[in-house]
């Protein structure tokens, strides 16, 4: 590989990194962000250990809640909670 090829590859890499940074700034300016803040739709509300392997989880999915049993031979959906 010649010095000119190395310079060309380095310039292309810098250009790609600059484009990724510009796209990130554009998305941030436009108000787009991943769902990781207060607008989350899946939230772990409670988790209780039944024994060393199995746990019961209460998850909120949007406006509804679901109870899951994990850690056994297979994970199970126990059921959806009734709306108050």
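Residue numbers (the numbering used here): 470 to 553. For glycine and all other residues, C-beta sits at the position ideal for the given N, C-alpha and C. Predicted model, so just to flag it, every value in this text is computed and none were measured.
Which one or two residues does DSSP pair with residue i in a beta bridge?
i	result
residue 529	512, 534
residue 539	524
To the nearest angstrom, how far is the alpha carbon of residue i from that of residue j?
i	j	result
residue 496	residue 484	18 Å
residue 544	residue 499	40 Å
residue 550	residue 493	39 Å
residue 525	residue 489	41 Å
residue 540	residue 522	5 Å
residue 513	residue 487	37 Å
Reducing DSSP to helix, strand and coil, say where residue i ends up.
i	result
residue 545	strand
residue 491	helix
residue 518	strand
residue 499	coil
residue 551	coil
Excluding the 5 residues flanking residue i on each side, which residues of the same chain have their C-beta closer than 8 Å to its C-beta?
i	result
residue 518	524
Sorted by chain position, which residues of the same chain lie with C-beta nearer than 7 Å to residue i's C-beta, five sequence neighbours on each side aside?
i	result
residue 546	535, 537
residue 511	528, 530
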